[in-house]
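Colleague:
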Amino acid sequence: MRRAFVNARLLDPASGLDQTGGLLVLGETIADIGPHIRPDQLAPDIEWVDCHGHCLAPGLVDMRTQFREPGEEHKETLDSISRAAAAGGITALVGLPNTRPVIDDVAVVEFVARRAREVKLVKIFVYGGVTKGLEGKQLVEMGLLREAGALAFTDGLHAVRNAQVMRNALSYAKAFGALIIQHPEDPDLAEGGHMNEGELATRLGLSGIPTAAESILLERDRQLVSLTGGRYHAAHLSTAEGLAVVRRAKAEGLHMTADTAPPYFALNDLEVQGYRTFAKVSPPLRSEDDRLAVVEALQDGTIDVIASDHSPHDQESKRIPFAQAEPGMVGVETLLPLALELYHKGQLPLLDLLRKMTVAPAELLGLPLGTLAKGKPADLVLFDLDRPWRLDVKGGVGKSKNAPYDGRPVQGQVRMTVVDGRIVYQVAEA
Amino acid sequence: MRPRLGGSCDSPMGGVNPTPMDDIIFPHQHILGIEGMGPEAISTILDLSESYVDLNRGRDKKRSDLRGRTVINVFFESSTRTRTSFELAGKRLGADVINIAVEASAINKGETLLDTAMTLNAMHPDVLVVRHPYSGAVQLISEKVECAVINAGDGWHEHPTQALLDALTIRRRLGSLAGLNVAICGDVAHSRVARSNILLLHTMGAFVRIVAPPTLVPAAADRLGVDVYHDMEEGLKGVDIVMMLRIQTERMRGSLFPSQREYFRYYGLDVEKLKAAKPDALIMHPGPMNRGIEIDSDVADDINRSVIPEQVEMGVAVRMACLDLLTRNVIANFDEDGSAGGNT
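Chains A and B, in that order, are what the protein sequence lines are. Quick note on numbering: this note's numbering labels position 150 of the first sequence as 150, and the sequence is numbered without any gaps. Quick note on numbering: this note's numbering labels position 73 of the second sequence as 1073, and the sequence is numbered without any gaps.
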């Protein structure tokens, strides 16, 4: 199979490439790239795709999603999330271990790998739990899980609460060079809380979670990283105070990296007004000041990665009183257009933005993905950078529709998604 | 404006041309909270309530305004006072009133809140009176049913009829709410009564202070436009109204304050602390009281200053007014549809 993508704006954050040209795919890999790949230069047997000047970038690598399979297939399956991810320009997904059963054992990793081969749309990876049953007590078999394919270790939606367990996890994981990913929220301060602590929570009569819940745990972990020399990654950061801890850790040269997700730079806690359970996420949507701090941290590099934090939930988990509703939003289909808001507002250069969704997460997780270099897998996203449209979560391809973005005007739309040279998504031509 | 008591028609509900609406305009389909309610709407409820106070004190307490209407009290959280008050209000207006305690029944069978709402809706009630332990749950129900909904307390959020009956009690004693200084004392953080009262008192032009230990003050109290005091005597200085809140027993087990003894010492209302307030300041409590914890019996039973029994009395009148006003809107809706054939 030989296919060329021509007349594209080639964007490769890894090499800083931003120029008009083409890209040649042989089989599953990128064979050549550059301005010299033009329709009139191609051998006649090469099939070519006219990109009409749209952006051709490495397929997005989404380092934080929830598959729901096995266990909660009524919310999402590996099939439905793969199709949704492909529609969102994502070519590699990493799932949290909070499936049922949880991923704390080699058998479940192998189950997901087998199902991923059957679905065969986008690339699917998983994390293993840090602890057995995600209960925060006994470490999982990190070595064996790594061999089976677990990319890194996290207890998912649960923070590793016990400092000694976290210390040991960071320390033990060094033997395998493994990354420990934390949900940085102090469980005691967050207990019983449903939204950001502040005026709206007070008015709505909902118990709040203070921002200190994030920074306190991060500060503890910063010292544990310093003590152990382990590799630590803080997921979905949401507060100015929490980001300050990561900024300091980086300045000290510690291996402490961070990601955030679109809700934390595209929304603030006012979204909860009217008890909108679609706006319930964990950590909660924060104040406008915190949202601006997240944007600033994306700009200064404190936040390395943007992930979707895709958390599918059915109506029974959301059409209930706010306090009882499950936290989480779907996000794979809206990741790129929401992230592009940062570019269109002039807050991040395009390549810097794409880096946080391609090569940055790939490097962090040790995946040879996220670049347009010769010899790399032909995982690509073609998108129209400027096209204005309105998000349509209800009309999405994912199984669950829980996100408060319906009707939001955005700019930038995925035209085509390619995984290992195969076209897995293509927008219907109008 | 004093609305009608009698009504110009013997059967106000009957016929395709219901009783003229008089001049009362009540622009709300539901009463979910004081938030969003303007001073006119609040005054309308209080004015109409006055007439029902007179009725309730008379010998014949029964009217037929709501004959043929169905009121369902749905309580997802136990309550005796509020439920009885609504039940009496409905019955005195001639409605059929049914009480449902959902705690132990449907929820345990896995039926969701909205399923329960839909089931009740299918029985064509005219008004649902709902209490629920979670904030926002009553609003959620109101979005799924066709009838009027009254919030009888949702979580820590609002308890609008309590604020209205408090306002009626104050207004009857002091003439007006405007310009009064009101101290709300106790567990404001977890109190729906406090939230509704703060909103109502501000809307009607009163000044509100809260008096509580720092652990029982809500996180953004300053944003509510109240003055916060941690010293009770200072907080009560010169106030016209001392509004005590009930300390929930479950809160006493947490880490919010160390003991009942210490709480009473610093935040319990007794004769000594009350001296800081105006000499004729009124004492209020939404009940049920924890005597010796948040309020001393000497104060609670002071017949010259405690209006606690009167609050209960006003509760029935206010709830009658709420039921009356909301069902008038229902009649109007039926009339517009042209579907109000006979005693619908």
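For every residue, glycine included, the Cβ atom is placed at its ideal position computed from N, Cα and C. As the structure is a prediction and not an experimental result, all values here were calculated from the model.
Check whether chain A comes within 7 Å of B:S1196, counting only Cβ atoms and requiring the distance to be less than that.
Modeller: Residue numbering aside, residue 1196 of chain B sits at position 196 when the second sequence is read from its first letter. Not an interface residue.
Colleague: Can you pull the chain A neighbours of B:H1132, defined as C-beta to C-beta under 9 Å?
Modeller: Locating residue 1132 of chain B in the second sequence gives position 132, counting from the first residue. P321, listed in chain order.
Colleague: Under 8 Å Cβ-Cβ, which residues of chain A neighbour B:S1135?
Modeller: Taking the second sequence and counting its residues from 1, the one referred to as residue 1135 of chain B is at position 135. Residues of chain A passing the Cβ test: L204, G205, L206, Y275, P321, F322, A323.
Colleague: Would the region 127 to 142 of chain A and the region 89 to 104 of chain A be scored as touching if the rule is three or more Cβ pairs under 8 Å?
Modeller: yes
Colleague: So, helix, strand or coil for B:H1202, using DSSP?
Modeller: By one-based count along the second sequence, residue 1202 of chain B stands at place 202. It is helical.
Colleague: Would you identify the three-state DSSP class for A:D314, choosing helix, strand or coil?
Modeller: What you label residue 314 of chain A is simply residue 314 of the first sequence in a count that begins at 1. The answer is coil: DSSP assigns A:D314 none of H, G, I, E or B.
Colleague: Three-state secondary structure (DSSP) at A:V119?
Modeller: The count along the first sequence starts at 1 and reaches residue 119 of chain A at position 119. The answer is helix: DSSP assigns A:V119 an H, G or I state.
Colleague: Nearest by alpha-carbon distance to A:G71: which of A:G89, A:F111, A:V61 is it?
Modeller: Residue numbering aside, residue 71 of chain A sits at position 71 when the first sequence is read from its first letter. Checking every option, the nearest Cα to that of A:G71 belongs to A:F111.
Colleague: Taking a contact to mean a Cβ-Cβ separation below 7 Å, would you say A:G328 touches A:H313 in this structure?
Modeller: Here residue 328 of chain A is taken as the residue at index 328 of the first sequence, counted from 1. Here residue 313 of chain A is taken as the residue at index 313 of the first sequence, counted from 1. Yes, the pair counts as a contact, with Cβ atoms nearer than the cut-off.
Colleague: Just to confirm, are A:I37 and A:G27 a CB contact at a threshold of 7 Å?
Modeller: Translated into positions along the first sequence, residue 37 of chain A becomes position 37. Translated into positions along the first sequence, residue 27 of chain A becomes position 27. It is not a contact, given that the beta carbons lie outside the stated cut-off.
Colleague: Write down the C-beta distance between B:C1185 and B:Y1263 rounded to the nearest angstrom, noting that I regard them as a contact closer than 8 Å.
Modeller: Here the question's residue 1185 of chain B lines up with position 185 in the second sequence. Here the question's residue 1263 of chain B lines up with position 263 in the second sequence. Actually they are not in contact, since the Cβ atoms of B:C1185 and B:Y1263 sit about 11 Å apart, beyond 8 Å.
Colleague: By the DSSP assignment, the beta strand (DSSP E) with A:V25 in it spans what residues?
Modeller: One-based indexing of the first sequence puts residue 25 of chain A at position 25. Counting along the chain, the beta strand (DSSP E) containing A:V25 begins and ends at 17 to 26.
Colleague: Skipping 5 residues on each side, what residues in its chain have a beta carbon closer than 6 Å to that of B:N1017?
Modeller: Counting from 1 along the second sequence, the entry for residue 1017 of chain B is found at position 17. With a pLDDT of 35 at B:N1017, under the threshold of 50, the predicted position of this residue should be treated as unreliable, though the coordinate-derived value follows. Once the five neighbours on either side are set aside, B:N1017 has no close Cβ partner at all.
Colleague: Anything in chain B within Cβ reach of A:E197, meaning under 7 Å, just list it in chain order.
Modeller: Along the first sequence, read from residue 1 onward, the residue named residue 197 of chain A stands at position 197. Correct list: A1219.
Colleague: Taking a Cβ distance cut-off of 8 Å, strictly less, list which residues of the region 1156 to 1171 of chain B are near chain A, in chain order.
Modeller: Correct list: W1156, H1157, E1158.
Colleague: With C-beta atoms as the reference, is B:I1034 less than 7 Å away from B:P1218?
Modeller: Mapped onto the second sequence, residue 1034 of chain B falls at position 34. Mapped onto the second sequence, residue 1218 of chain B falls at position 218. The answer is no: Cβ separation not under 7 Å.
Colleague: Just curious, the alpha helix (DSSP H) that A:H233 is in, first and last residue?
Modeller: Numbered from 1 along the first sequence, position 233 holds the residue referred to as residue 233 of chain A. Where A:H233 is concerned, there is no enclosing alpha helix (DSSP H), although the beta strand (DSSP E) it sits in stretches over 231 to 234.
Colleague: With distances taken Cα to Cα, identify the nearest neighbour of A:T65 among A:V49, A:L11, A:L96.
Modeller: Working through the first sequence from its first residue, we reach residue 65 of chain A at position 65. Nearest option by C-alpha distance: A:L96.
Colleague: Classify A:L144: buried if its beta carbon has 16 or more other beta carbons within 10 angstroms, exposed otherwise.
Modeller: As a position in the first sequence, residue 144 of chain A is number 144, starting the count at 1. Answer is exposed; the Cβ neighbour count stays below 16.
Colleague: Taking the alpha helix (DSSP H) that A:M416 falls in, what are its first and last residues?
Modeller: To locate residue 416 of chain A, count along the first sequence from 1; it is residue 416. It is not in any alpha helix (DSSP H) - A:M416 instead sits in the beta strand (DSSP E) that spans 409 to 419.
Colleague: I need the straight-line Cα distance from B:V1299 to B:A1148, nearest angstrom please.
Modeller: Position 299 of the second sequence, counting from 1, holds the residue named residue 1299 of chain B. Position 148 of the second sequence, counting from 1, holds the residue named residue 1148 of chain B. Cα-Cα distance, rounded: 39 Å.
Colleague: Under a three-way DSSP split, which group does B:E1272 fall into?
Modeller: Translated into the one-based positions of the second sequence, residue 1272 of chain B becomes position 272. B:E1272 falls in the helix class under three-state DSSP.
Colleague: B:T1327 to A:T334, Cα distance in whole Å?
Modeller: As a position in the second sequence, residue 1327 of chain B is number 327, starting the count at 1. As a position in the first sequence, residue 334 of chain A is number 334, starting the count at 1. Looking at the two C-alpha atoms, the distance is approximately 45 Å.
Colleague: What's the gap between the Cα of B:M1232 and the Cα of B:P1213?
Modeller: Working through the second sequence from its first residue, we reach residue 1232 of chain B at position 232. Working through the second sequence from its first residue, we reach residue 1213 of chain B at position 213. Going from the Cα of B:M1232 to the Cα of B:P1213 covers about 9 Å.
Colleague: Closer than 8 Å by C-beta to B:S1105: which residues in its own chain qualify, once you throw out the five before and the five after it? Chain order, please.
Modeller: For the purposes of this step, residue 1105 of chain B is taken as the residue at position 105 of the second sequence. A caution first: B:S1105 carries a pLDDT of 49, below 50, which makes its placement in the model unreliable, though a value can still be read off. Counting only Cβ-Cβ distances below 8 Å, and skipping sequence neighbours, we find nothing.
Colleague: Are the CB atoms of A:R9 and A:T20 nearer to each other than 7 Å?
Modeller: Locating residue 9 of chain A in the first sequence gives position 9, counting from the first residue. Locating residue 20 of chain A in the first sequence gives position 20, counting from the first residue. It is a contact, given that the beta carbons lie within the stated cut-off.
Colleague: Please confirm if B:L1114 has its CB atom under 7 Å from at least one CB of chain A.
Modeller: Here the question's residue 1114 of chain B lines up with position 114 in the second sequence. Yes, its Cβ sits closer than 7 Å to a Cβ of chain A.
Colleague: Report the rounded CA-to-CA distance for B:G1254 versus B:L1032, giving the unit in angstroms.
Modeller: What you label residue 1254 of chain B is simply residue 254 of the second sequence in a count that begins at 1. What you label residue 1032 of chain B is simply residue 32 of the second sequence in a count that begins at 1. Cα-Cα distance, rounded: 30 Å.
Colleague: Enumerate, from N- to C-terminal direction, the unbroken alpha helix (DSSP H) stretches of 4 or more residues contained entirely within the region 125 to 155 of chain A.
Modeller: 142 to 148
Colleague: Determine, using beta carbons only, whether B:R1223 comes closer than 7 Å to chain A.
Modeller: The residue given as residue 1223 of chain B occupies position 223 in the second sequence. It does; some Cβ of chain A falls within 7 Å.
Colleague: Just to check, is the beta-carbon of A:L145 closer than 6 Å to a non-hydrogen atom of the ligand MG?
Modeller: The ligand MG is absent from the structure shown, which contains no ligands of any kind.
Colleague: Whose C-beta lies closer than 6 Å to the C-beta of A:G192 among residues of the same chain, with five residues either side of it excluded?
Modeller: Within the first sequence, the letter at position 192 stands for residue 192 of chain A. Same-chain partners within the cutoff: S207.
Colleague: State whether the region 346 to 355 of chain A contacts the region 317 to 327 of chain A, with contact taken as three or more CB pairs (one from each stretch) at a distance under 8 Å.
Modeller: no
Colleague: Could you name the residues that DSSP lists as bridge partners for A:I180?
Modeller: In the first sequence, residue 180 of chain A corresponds to position 180, counting from 1. Answer by DSSP bridge pairing, in chain order: A:F153, A:Y232.
Colleague: Based on Cα-Cα distance, which residue from A:G421, A:R161, A:S226, A:K123 lies nearest to A:D186?
Modeller: As a working note, residue 186 of chain A is residue 186 in the first sequence. It is A:R161.
Colleague: A:L179 to A:R83, Cα distance in whole Å?
Modeller: Here the question's residue 179 of chain A lines up with position 179 in the first sequence. Here the question's residue 83 of chain A lines up with position 83 in the first sequence. Taking the straight line from one Cα to the other gives about 28 Å.
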